[in-house]
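Chemist: Numbering (this note's numbering), first residue to last: 172 to 617. Beta carbons: idealized from backbone N, C-alpha and C, even for Gly.
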Ligand SMILES: NC(=O)c1ccc[n+]([C@@H]2O[C@H](COP(=O)([O-])OP(=O)(O)OC[C@H]3O[C@@H](n4cnc5c(N)ncnc54)[C@H](O)[C@@H]3O)[C@@H](O)[C@H]2O)c1
């Protein structure tokens, strides 16, 4: 059983990390955690085309000038100085970057999604096999104490078998407007469908919790709310000149013009960040556009139904118009119902008593966490370090093979949605066993 409170790693030589993409994830999350916490990793290099970001990263983490690069090719051409590369660049670059880095034999932590189409996801398994490196996917939720605790309840079978599971991704109205209306993930052609770019995480969690093979997928979804049809009368294209700027829920003036040095406020302007820089960014850039008149075309509400070969039905809902930015889960077992909220850190089992209105309530205690993934980011680093140095956590770590089913499900669910919610069978070649066999030879030969 994995302890929910994880100590720092045992003392071993540090593993040297090169961050590719010094944005929110590469800089603020991974490099930040590595510099502040005892993870076993050490920041030694950066690849970032934006000079101001690159310089800020260098200064912040003490990177030697010869280990900071403006392009991936320059880094790959330089003499080797790191052990593992964290790829934290935009979604559409993941495949090409992971391929190029693998060719140099580095191990990789690859931000999700693996790639933005299925052939590239599958091709990366071949790449890994050819170059005998190890590629891990940053499906951080699996490492969070919250989902670890849920998994332990399931695997212990103390509540009997799972009969149904429902996971809800409550994106939060402001988060959706920031990332999926105005931001980098607002168009399928430039990033991918939201079910892949946002929720490969969620499909991964469902698949990992339930286990076994998914036989079929159905999905409904559309972009319904953040469209021109819902713009208030007289709305301007930009908040700075809009007559509704004082009352609109999505006024960029009200949302971004503050001095909070945290995501999502501190990513709208290039460094050095300041209120003035943010004002210029919303006057001229994408984060000041009207949410009703943007270029967005990704779904703002989507439902997925998965049928496992064990007959378990799983439902997943992805919703823009929610108050909280959180995930909530409900699992029905033989003898109890489990409910939980990741953001609030609550996990409750209501044991049945056979009598109406009377349940035995069990609150599962979780350690306090501060990141948006319920502690998953830090624990990923610690568990990955232990895996790389001792081979521990082999069943948990988000290898390329074990992360692939979630991506297959996302692509098939999208196919279902686009074709009007038709039921799509999941081919046997995408069963976990078959996918694992793809990576088997590679693991044996390492
Ligand atoms: N695992 C998670 O929970 C999670 C959460 C959020 C985002 N993500 C994923 O992480 C990735 C990064 O997201 P982000 O929010 O940090 O984005 P970001 O835009 O803040 O950062 C991306 C950085 O990559 C840099 N970049 C662009 N092209 C590059 C290239 N060719 N070489 C090197 N650097 C390049 C950009 O200049 C930018 O600094 C995305 O794929 C995103 O989907 C994962």
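I'd like the span of the beta strand (DSSP E) that includes residue 335, first residue to last.
Modeler: 333-341
Chemist: Would you tell me roughly how many angstroms separate the C-alpha atoms of residue 606 and residue 344, rounded to the nearest one?
Modeler: 36 Å
Chemist: How many angstroms separate the CA atom of residue 305 from the CA atom of residue 376?
Modeler: 21 Å
Chemist: Classify residue 262 as buried or exposed, calling it buried when 16 or more other Cβ atoms lie within 10 Å of its own Cβ.
Modeler: buried
Chemist: Looking at C-alpha atoms only, which residue of 532, 547, 531, 530 is the closest neighbour of residue 538?
Modeler: 547
Chemist: Work out the CA separation of residue 281 and residue 259 for me, nearest whole Å.
Modeler: 7 Å
Chemist: For residue 187, which beta-bridge partners are listed by DSSP?
Modeler: 213
Chemist: Take residue 324 and list the residues in its own chain whose beta-carbon comes closer than 6 Å to its own, dropping the five residues that flank it on each side.
Modeler: none
Chemist: Using only CA atoms, which one of 528, 552, 502 lies nearest to residue 322?
Modeler: 502
Chemist: Which parts of the stretch 383-423 are runs of the beta strand (DSSP E), unbroken and 3 residues or longer, counting only runs that do not cross its ends?
Modeler: 385-393
Chemist: Are residue 458 and residue 353 closer than 8 Å when you measure CB to CB?
Modeler: yes
Chemist: Restricting to Cα atoms, I'd like to know which of 205, 312, 518, 364 is closest to residue 394.
Modeler: Checked all of 205, 312, 518, 364; the closest Cα to residue 394 is 364.
Chemist: Just the Cα atoms here: how many angstroms apart are residue 480 and residue 577?
Modeler: Approximately 16 Å between the Cα atoms of the pair.
Chemist: Name, in chain order, the residues that DSSP records as bridge partners for residue 502.
Modeler: 336, 509
Chemist: Report the three-state DSSP secondary structure of residue 234 (helix, strand or coil).
Modeler: coil
Chemist: Can you tell me which of the three DSSP states residue 578 falls into?
Modeler: Note: residue 578 maps to helix in three-state DSSP.
Chemist: Can you tell me whether residue 220 sits near ligand 1, meaning its C-beta is under 7 Å from at least one heavy atom of the ligand?
Modeler: It does: the Cβ of residue 220 is within 7 Å (strictly closer) of some heavy atom of ligand 1.
Chemist: Check whether the Cβ of residue 119 lies closer than 7 Å to any heavy atom of ligand 1, and answer yes or no.
Modeler: Since the displayed the chain opens at 172 and closes at 617, residue 119 lies outside it and no answer follows.
Chemist: Is the beta carbon of residue 189 sitting closer than 8 Å to the one on residue 218?
Modeler: yes
Chemist: Taking contact to mean 3 or more Cβ pairs, one atom from each stretch, closer than 8 Å, check whether the stretch 326-339 and the stretch 555-575 are in contact.
Modeler: no
Chemist: Pull up the distance between the alpha-carbon of residue 582 and that of residue 527, whole angstroms please.
Modeler: If you take the alpha carbons of residue 582 and residue 527, they lie about 43 Å apart.
Chemist: Rank 350, 542, 407, 521 by C-alpha distance to the C-alpha of residue 435 and give the top, closest one.
Modeler: A check of alpha carbon separations from residue 435 across 350, 542, 407, 521 identifies 350 as the nearest.
Chemist: When the Cα atoms are used, what is the spatial distance from residue 315 to residue 565?
Modeler: 16 Å
Chemist: So, does the stretch 267-287 touch the stretch 503-517, judging by three or more C-beta pairs under 8 Å?
Modeler: no
Chemist: If we ignore side chains and look at the alpha-carbon of each, how far apart do residue 580 and residue 405 end up?
Modeler: 42 Å
Chemist: Can you give me the C-alpha to C-alpha distance between residue 424 and residue 461, rounded to a whole angstrom?
Modeler: 11 Å
Chemist: Mapping DSSP to helix, strand and coil, what is residue 457?
Modeler: helix
Chemist: When DSSP labels each residue in this structure, what does residue 282 get in the three-state scheme?
Modeler: coil
Chemist: Does the distance between the C-beta of residue 451 and the nearest non-hydrogen atom of ligand 2 fall short of 7 Å?
Modeler: For ligand 2, the structure offers nothing, since it holds only ligand 1.
Chemist: According to DSSP, is residue 375 part of a helix, a strand, or is it coil?
Modeler: helix
Chemist: Go ahead and pull the three-state DSSP assignment for residue 308.
Modeler: strand
Chemist: Spatial neighbours of residue 500 within its chain, please: C-beta separation below 6 Å, excluding the five flanking residues on both sides.
Modeler: 338, 511
Chemist: Would you kindly work out how many angstroms separate the C-alpha atoms of residue 202 and residue 549, rounded to a whole number?
Modeler: 11 Å
Chemist: Can you name the residues that DSSP bridges to residue 486?
Modeler: 337, 476
Chemist: Do residue 535 and residue 333 come within 8 Å of each other at the CB atom, strictly closer than that value?
Modeler: no
Chemist: Do you know whose CA, among 255, 471, 524, lies nearest residue 559's CA?
Modeler: 255
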